[in-house]
Each structure stands twice: as C-alpha cells, then as structure tokens.
Amino acid sequence: TKVEGTVLGALVGGLIGAAAGDSKGALIGAALGAGVGFLAGNEVAKRKAQYAREEDFLDAEIAQAEQMNREAAGYNTDLRRQIAALDTESNRVAAKYRAGTASRNELAAQRSAVQKQMEANAKVDQTLRNEYDVKTAVLNEERAQRGANDPYVKSLERQVSELQANIDNLHKGSTQLARIDERLSL
1263 TKVEGTVLGA LVGGLIGAAA GDSKGALIGA ALGAGVGFLA GNEVAKRKAQ YAREEDFLDA
1323 EIAQAEQMNR EAAGYNTDLR RQIAALDTES NRVAAKYRAG TASRNELAAQ RSAVQKQMEA
1383 NAKVDQTLRN EYDVKTAVLN EERAQRGAND PYVKSLERQV SELQANIDNL HKGSTQLARI
1443 DERLSL
C-alpha cells in the first residue's frame, strides 16, 4: 500500500508538474506527489492493520467518510451563515469608515474576525484534504482488487465524491472571505 501510494503519487504529481511547465516542474511534482502518496499509503496500511477482515476495514472507512461528510456539510452550512453576517457587518463598517464615522480600529477588528474565519477554514480544509487523500488511496486500491462494480467500491466512490464536493464548497466560502478581507484592507 505504501509503495503503491508512493508510485501513484509520483506519477500523478509528475504529470501535473509536466503539464504546468518544464521538466523541472515534472520533477518537483513527482517528488511532492510521491510524498503525499507515501503518507496516504502509510495511513491506509495503519488503518488496515486494525481489522482482521477487509470488509470490516471498508465498512469502517465508509462510515468514517459518511461522518466526515455530515460534519463538513454542517460546517459549510454554518460557514455560509457566518459569511453572510461578516459580509453585512464589513459593508457597514467599511461604509462608516469611508464616511469618517468609524475608526481604523473598528475596521481592523472587523478584518481580524474575517481572518480568524479564514484560518479556521484553512484548518478544516487541511483535515478534509488529508482524509480525501487517504480515502482516494483506499478507493484506488479496492477498485483494482475488487473491480468497479463492487458494492464497497461504489459506496466509497460516492463518499469520496461527496467529500470533494464539500471541499469545493469550503473553497467557495474561503474565496468569499478573501473578498471581504480585501474590502477591509486599507
């Protein structure tokens, strides 16, 4: 699993690096991809070692992915509400600042609140990406062993797809926060 993850990561990273530039980009991409692939493969191997049966391992991975997707979807729902409130308040403070009725400190405090949310998003994003890498490694391995029509593979595919959608939604929220932050910069 570790070797497969490393090789697959190096291959994908090299292809991305080559598409983005020259042979140096391909080498850098391959090295980074190999590192990510090894880490994901290592995590898969550790998780598999905890189960006597492959099916128990897959049931646990699918259940964990479902839980992570529920939590990520809830986080994204809350994030949309927080963004709406931050957007409204930042517009109000920025307008007051331009009119000379709000201080620089008020503007800075509002920007600090936005930046704290951006930092929280970055942490959630990293957690989701790490789990996405692991679940993708499991999915690729199981697809190769069991075939694409296996019920475990299909279930894991759905969860990985949903996880990617949650990551995409988080990125949309982060982009909105960056725009609000930019509006508040002096």
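Start counting the sequence shown at 1263; every next residue gets the next number (the working numbering).
Backbone N, C-alpha and C define an ideal beta-carbon position, used for all residues, glycine too.
### Message
For residue 1216, count the other beta carbons within 10 Å of its own beta carbon; 16 or more makes it buried, fewer makes it exposed. Which is it?
### Response
An answer regarding residue 1216 cannot be provided, because it is not within the stretch 1263 to 1448 covered by the chain.
### Whole-number beta carbon distance between residue 1352 and residue 1420, since they are thought to touch under 8 Å
Rounded to whole angstroms, the Cβ separation of residue 1420 and residue 1352 is 37 Å, and the two are not in contact under 8 Å.
### Task
Would you decide whether residue 1397 is buried or exposed? Buried here means 16 or more other CB atoms lie within 10 Å of its CB.
Answer is buried; the Cβ neighbour count reaches 16.
### Message
Let me make sure I understand the geometry here. Which of 1382, 1386, 1362 and 1354 has the alpha-carbon closest to that of residue 1372?
### Response
Closest by C-alpha distance to residue 1372, out of 1382, 1386, 1362 and 1354, is 1354.
### Query
Is residue 1447 helix, strand or coil when you go by DSSP?
Note: residue 1447 maps to coil in three-state DSSP.
### Task
Could you tell me if residue 1316 is buried or exposed, where buried requires 16 or more neighbouring beta carbons within 10 angstroms of its beta carbon?
It is exposed - the Cβ of residue 1316 has fewer than 16 other Cβ atoms within 10 Å.
### Query
Using 8 Å as the Cβ pair cut-off and three pairs as the minimum, do the segment 1404–1415 and the segment 1369–1383 touch?
Under the 8 Å Cβ criterion, the segment 1404–1415 does not count as touching the segment 1369–1383, having fewer than three qualifying pairs.
### Query
For residue 1359, which residues of its own chain have a beta-carbon under 6 Å away from its beta-carbon, when the five flanking residues on both sides are left out?
Closer than 6 Å at the Cβ level, and outside the excluded window around residue 1359, lie 1369.
### Query
alpha helix (DSSP H) containing residue 1353: first to last residue?
Start and end: 1316–1360.
### Query
Is DSSP giving residue 1409 helix, strand or coil here?
Under the three-state reduction of DSSP, residue 1409 is assigned to coil, being neither helix nor strand.
### Task
Taking all protein chains shown into account, decide if residue 1443 is buried (16 or more other Cβ within 10 angstroms of its Cβ) or exposed.
Residue burial annotation: residue 1443 is buried, with at least 16 other C-beta atoms found within 10 angstroms of its C-beta.
### Query
Taking the alpha-carbon positions, what's the residue 1328 to residue 1350 distance?
Their Cα atoms are separated by approximately 33 Å.
#### Entry: Whole-angstrom distance between residue 1413 and residue 1384, CA atom to CA atom
Just so you know, the alpha carbons of residue 1384 and residue 1413 end up roughly 33 Å apart.
### Task
Would you kindly check if the distance between the Cβ of residue 1394 and the Cβ of residue 1422 is under 8 Å?
For residue 1422 and residue 1394, yes; Cβs fall inside 8 Å.
### Task
Please classify residue 1423: does DSSP put it in a helix, a strand, or coil?
DSSP, read as helix, strand or coil, puts residue 1423 in helix.
### Query
residue 1363 by DSSP, collapsed to three states: which one?
Residue state, collapsed to three classes: coil.
### Query
Going straight from the alpha carbon of residue 1402 to that of residue 1418, what length do you get?
CA-CA distance, residue 1402 to residue 1418, rounds to 10 Å.
### Task
Please say whether residue 1380 and residue 1341 have beta carbons closer to each other than 8 Å?
In this structure, residue 1341 lies away from residue 1380, with their beta-carbon atoms at least 8 Å apart.
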